[in-house]
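One structure below.
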Amino acid sequence: MPVSDLADFARWFERFQQEANGIEILPVALHHVLAIENLPQHHKDPFDRVLIAQANAEEIGLLSAGTTFTHYTVSLLG
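Under the numbering used here, the sequence shown has 39 at position 23, and the numbering climbs by one with no breaks.
As structure tokens, this is what we get:
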């Protein structure tokens, strides 16, 4: 798939999710990244740590079926 097709699909998918499900795409901002250093070192997966820091910084819940997040102080949905 050409990159331009992938970019078009990503834009379509974002609009579809926003309209169909009321989902807001939350970009990772610098203050989210900086908040990572305040998290305890329960594990080292950088993607998980960004999600946790972002959820805490924005005071929103994190939707996950995984158990990794239960070791952190974060509001879990599901």
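Heads up, the beta-carbon is just placed ideally off N, CA and C, and yes, glycines get one too. All values derive from a computational prediction rather than experimental measurement.
- Message: Quick check: the Cα distance between residue 80 and residue 50, rounded to an integer number of angstroms?
- Response: Taking the straight line joining both Cα atoms gives about 22 Å.
- Query: Along the chain, which unbroken stretches of the alpha helix (DSSP H) at least 4 residues long are found entirely within the segment 40-72?
  - Reply: 46-51
- May I ask you to list the residues that DSSP assigns as paired with residue 78? BP columns for residue 78 point to 92.
- Item | Nearest-angstrom Cβ-Cβ length linking residue 93 and residue 85, presumed shorter than 8 Å | No, residue 93 and residue 85 are not in contact; Cβ-Cβ is about 10 Å, not under 8 Å.
- C-beta atoms of residue 66 and residue 44 nearer than 7 Å: yes
- Message: Mapping the DSSP letters down to three states, classify residue 84 as helix, strand or coil.
- Response: If DSSP states are grouped into helix, strand and coil, residue 84 belongs with the helices.
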